[in-house]
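Novice: One structure follows; several queries about it will come next.
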Amino acid sequence: MNAPLLIPQRPGPLWLLAEVTYRCPLHCAFCYNPVDFTQAGPELSTDDWLKVIRQARELGAAQFGISGGEPLLRDDIEILVAEARQLGFYTNLITSGVGLTEARLAALKAAGLDHIQLSFQDATREANDLITNTRTFDLKRKVAAMTKAAGYPTVINCVLHRSNIDHLDRIIEMAVEIGAEYLELANTQYHGWAFLNRQSLMPTEAQLAEAEAVTERWRQRLGKTMRILFVTPDYQSKKPKKCMNGWGEVFLSVTPDGLALPCHTARMLPGLEFPDVREHDIDWIWHESPLFNRFRGTAWLPETCQSCDEKDNDHGGCRCQAFMLTGDAGATDPVCPKSPDHALIDAALAEAERPGTVKPLVFRDPKNAVKLGRAF
Amino acid sequence: MTSSLARPRINRLFRFQWEPAQQAHVLLYPEGMVKLNQSAGEILKRCDGSTSVAEIVADLESAFNASNLAADVDAFLIMADAQNWITWSET
Ligand code: SF4
Ligand code: SF4
Numbered sequence: 000m001n002a003p004l005l006i007p008q009r010p011g012p013l014w015l016l017a018e019v020t021y022r023c024p025l026h027c028a029f030c031y032n033p034v035d036f037t038q039a040g041p042e043l044s045t046d047d048w049l050k051v052i053r054q055a056r057e058l059g060a061a062q063f064g065i066s067g068g069e070p071l072l073r074d075d076i077e078i079l080v081a082e083a084r085q086l087g088f089y090t091n092l093i094t095s096g097v098g099l100t101e102a103r104l105a106a107l108k109a110a111g112l113d114h115i116q117l118s119f120q121d122a123t124r125e126a127n128d129l130i131t132n133t134r135t136f137d138l139k140r141k142v143a144a145m146t147k148a149a150g151y152p153t154v155i156n157c158v159l160h161r162s163n164i165d166h167l168d169r170i171i172e173m174a175v176e177i178g179a180e181y182l183e184l185a186n187t188q189y190h191g192w193a194f195l196n197r198q199s200l201m202p203t204e205a206q207l208a209e210a211e212a213v214t215e216r217w218r219q220r221l222g223k224t225m226r227i228l229f230v231t232p233d234y235q236s237k238k239p240k241k242c243m244n245g246w247g248e249v250f251l252s253v254t255p256d257g258l259a260l261p262c263h264t265a266r267m268l269p270g271l272e273f274p275d276v277r278e279h280d281i282d283w284i285w286h287e288s289p290l291f292n293r294f295r296g297t298a299w300l301p302e303t304c305q306s307c308d309e310k311d312n313d314h315g316g317c318r319c320q321a322f323m324l325t326g327d328a329g330a331t332d333p334v335c336p337k338s339p340d341h342a343l344i345d346a347a348l349a350e351a352e353r354p355g356t357v358k359p360l361v362f363r364d365p366k367n368a369v370k371l372g373r374a375f
Numbered sequence: 000m001t002s003s004l005a006r007p008r009i010n011r012l013f014r015f016q017w018e019p020a021q022q023a024h025v026l027l028y029p030e031g032m033v034k035l036n037q038s039a040g041e042i043l044k045r046c047d048g049s050t051s052v053a054e055i056v057a058d059l060e061s062a063f064n065a066s067n068l069a070a071d072v073d074a075f076l077i078m079a080d081a082q083n084w085i086t087w088s089e090t
């Protein structure tokens, strides 16, 4: 017997994320979905999804996530979960909890669902503030109690931004009250609707520092009873992050209308052809398609990154961020201080520090989508 | 040092299974996976909540025709505990 060590994980298609619908009863202004989501084609059928699930599992994918929009708006996710679970996937449902009834939960449990991630929304039109939005909170409490009774660990995700970050102490306290085992505090990533609302969502440096201090205090207090993951915001951390752990390395996302993407926001990138899962099999899409090879590895990186020691760690950062900010999807991610475009980040950060400049939020809904008619 | 009478079991937050594509045992958990080498897989396979650490060691020693595995198993279980992969059944 050799010494019991871990083998470093092989890069491969570990994840299949099924974004089964763009429909959503909520209207989060920080939503990463494309602003023009109403222009997407018709949703995939149950059989289309089953085919995608089988093909991805054959390629070795082990994590299956269902998200959206709000996935519970489709009535076939029990079928998808059952098939995925039976094939050996670890099955994750990412939901706002809206629409999760006892009956559906029982059906999902019977189908073998492994894990539920409940997201905390606020910044909805109905209530800007999680703390005053007792309706949402009551719903979360109910759903969390229900899922706990069904034997699921309670995993909560909360997106942080300028207007809720000051209430972090209360947010964590609520997670404790609910009995959460994991709390993911994700600072807004500026994609889709969040990019549109960036100015209104971006916290100040002082707000962020305070949030990190609050998180640290709770971590000390809670120890292993509740794990808190604090996802630092790209802009402030000035550290480019590897796109989904590397473009075409671990992650495969499929949109409601059947486009395969290496990252759930890549749809906004221009000049790329997104393979349709009804026309190509996942094996071809993953290994052969021009899209999945476009930003794979580091050979395509611009000069700024080629000469940098960090390139194997971050692959030059996020492609969507590079495109949204510079117009060039192949540029060094501007959050990197070495990027020739880094001044754009400094300007956005400086704007966040100036009082009184905050614009009203634009909420994610079909009417605004049509009115705006743009991707981000 | 783990107690040799303690009985580890895999934390319900994790699923332990054989992955054909990886030719390895893995631990799956919300949104992640740890690929295990053979020894780690063989140890975790025996963490069923009713087998004690001493029994796991004895079983591995006979299965692999080896001796003195107690220290390796112990070190692994301490690490696994720190990672929250295992919990302990009351003795
Ligand atoms: S972020 Fe909000 S609006 Fe967007 S899909 Fe999730 S719940 Fe719906
Ligand atoms: S220059 Fe490129 S490789 Fe280097 S840290 Fe910046 S983004 Fe990463």
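Taken in sequence, the protein lines are chains G and V. Residue 20 in numbering that gives the first Met the number 0 sits at position 21 of the first sequence, with consecutive numbering throughout. Residue 68 in numbering that gives the first Met the number 0 sits at position 69 of the second sequence, with consecutive numbering throughout. Glycine included, every Cβ here is placed at the ideal spot set by N, Cα and C.
Helix, strand or coil for isoleucine 9(V)? Go by DSSP, reduced to three states.
Specialist: Stepping through the second sequence from its first residue, residue 9(V) is reached at position 10. In this structure, isoleucine 9(V) counts as strand in the three-state DSSP scheme.
Novice: Any chance you could list the alpha helix (DSSP H) runs of at least 4 consecutive residues sitting entirely within the stretch 31-65 of chain G, in chain order?
Specialist: Counting only runs of 4 or more, we get 45-57.
Novice: Only counting the same chain, and skipping five residues up and downstream in sequence, which positions put a Cβ closer than 8 angstroms to that of leucine 221(G)?
Specialist: On the first sequence, residue 221(G) is found 222 positions in, with the first residue counted as 1. Val175, Ile227, listed in sequence order.
Novice: Using a cut-off of 7 angstroms between C-beta atoms, extract the partners of leucine 20(V) located in chain G.
Specialist: Along the second sequence, read from residue 1 onward, the residue named residue 20(V) stands at position 21. First, the amino acid is wrong: residue 20(V) is alanine here, not leucine. Gly59, listed in chain order.
Novice: State the CB to CB distance for the pair alanine 83(G) and phenylalanine 63(G), rounded to an integer number of angstroms; the pair is presumed to be in contact (CB under 8 angstroms).
Specialist: Counting from 1 along the first sequence, the entry for residue 83(G) is found at position 84. Counting from 1 along the first sequence, the entry for residue 63(G) is found at position 64. At roughly 4 angstroms, the Cβ-Cβ gap stays under 8 angstroms, so alanine 83(G) and phenylalanine 63(G) are in contact.
Novice: Taking any heavy atom of ligand 2 as the mark, which residues have a C-beta closer than 6 angstroms to it, listed down the chain?
Specialist: The filter returns Pro239(G), Thr303(G), Cys304(G), Cys307(G), Glu309(G), Lys310(G), Asp313(G), Gly315(G), Gly316(G), Thr331(G), Asp332(G), Cys335(G), Lys337(G), in chain order.
Novice: Distance, Cα to Cα, alanine 148(G) vs leucine 99(G)?
Specialist: Translated into the one-based positions of the first sequence, residue 148(G) becomes position 149. Translated into the one-based positions of the first sequence, residue 99(G) becomes position 100. Approximately 14 angstroms between the Cα atoms of the pair.
Novice: With 16 as the cutoff for other CB atoms within 10 Å, does glutamine 54(G) come out buried or exposed?
Specialist: Sequence index remark: in the first sequence, residue 54(G) carries index 55 (1-based). Buried.
Novice: Kindly give me the distance between the Cβ atoms of glutamine 235(G) and leucine 348(G), rounded to whole angstroms, as I take these residues to be in contact under 8 angstroms.
Specialist: If you number the first sequence from 1, residue 235(G) lands on position 236. If you number the first sequence from 1, residue 348(G) lands on position 349. Confirmed, Cβ separation roughly 7 angstroms.
Novice: Taking only heavy atoms of ligand 4 into account, decide whether any of them is closer than 7 angstroms to the Cβ of tryptophan 192(G).
Specialist: Absence of ligand 4 from the depicted structure is noted, with ligand 1 and ligand 2 being the only ligands included.
Novice: Indicate whether at least one CB of chain G lies closer than 8 angstroms to the CB of asparagine 83(V).
Specialist: On the second sequence, residue 83(V) is found 84 positions in, with the first residue counted as 1. Asparagine 83(V) counts as touching chain G.
Novice: Hey, does leucine 92(G) have any beta-carbon neighbour from chain V nearer than 8 angstroms?
Specialist: The residue labelled residue 92(G) in the question sits at position 93 within the first sequence. By this cut-off, leucine 92(G) is not an interface position.
Novice: Residue ranges of each beta strand (DSSP E) run of no fewer than 3 residues wholly in the stretch 219-249 of chain G, ordered along the chain?
Specialist: You should have 226-230.
Novice: Measuring only the C-alpha atoms, how far is glutamine 21(V) from threonine 86(V)?
Specialist: For the purposes of this step, residue 21(V) is identified with residue 22 of the second sequence, where counting begins at 1. For the purposes of this step, residue 86(V) is identified with residue 87 of the second sequence, where counting begins at 1. For glutamine 21(V) and threonine 86(V), the distance between alpha carbons rounds to 26 angstroms.
Novice: Less than 8 angstroms between the CB atoms is what I'm expecting for proline 269(G) and methionine 243(G), so what's the real figure, rounded?
Specialist: Residue numbering aside, residue 269(G) sits at position 270 when the first sequence is read from its first letter. Residue numbering aside, residue 243(G) sits at position 244 when the first sequence is read from its first letter. Not really, about 19 angstroms apart at Cβ, beyond 8 angstroms.
Novice: Which value, in whole angstroms, describes the spacing of the CA atoms of threonine 412(G) and asparagine 186(G)?
Specialist: Any question about residue 412(G) goes unanswered here, given that chain G covers just 0 to 375.
Novice: Out of Asp80(V), Leu4(V), Arg45(V), which has the shortest C-alpha to C-alpha gap to glutamine 16(V)?
Specialist: Numbered from 1 along the second sequence, position 17 holds the residue referred to as residue 16(V). Closest option to glutamine 16(V), Cα to Cα, is Arg45(V).
Novice: How long is the line joining the alpha carbons of leucine 4(V) and serine 88(V), rounded to whole angstroms?
Specialist: Within the second sequence, numbered from 1, the residue matching residue 4(V) stands at position 5. Within the second sequence, numbered from 1, the residue matching residue 88(V) stands at position 89. Taking the straight line joining both Cα atoms gives about 10 angstroms.
Novice: At a cut of 8 angstroms, does the stretch 271-288 of chain G reach the stretch 312-319 of chain G through at least three beta carbon pairs?
Specialist: No, the stretch 271-288 of chain G does not touch the stretch 312-319 of chain G.
Novice: Hey, leucine 43(G) and proline 255(G): beta-carbon distance below 8 angstroms or not?
Specialist: Taking the first sequence and counting its residues from 1, the one referred to as residue 43(G) is at position 44. Taking the first sequence and counting its residues from 1, the one referred to as residue 255(G) is at position 256. Taking 8 angstroms as the Cβ cut-off, leucine 43(G) and proline 255(G) qualify as a contacting pair.
Novice: Taking only three categories from DSSP, how would you classify cysteine 319(G)?
Specialist: Locating residue 319(G) in the first sequence gives position 320, where the first residue counts as 1. Helix at cysteine 319(G).
Novice: Confirm, please, whether the CB-CB distance from arginine 363(G) to alanine 28(G) is below 8 angstroms.
Specialist: Taking the first residue of the first sequence as 1, we reach residue 28(G) at position 29. Taking the first residue of the first sequence as 1, we reach residue 363(G) at position 364. Closer than 8 angstroms, so yes.
Novice: Are the C-beta atoms of glutamate 54(V) and some chain G residue less than 8 angstroms apart?
Specialist: Counted from its first residue, the second sequence places residue 54(V) at position 55. No, glutamate 54(V) lies away from the interface with chain G (no Cβ there is under 8 angstroms from its Cβ).
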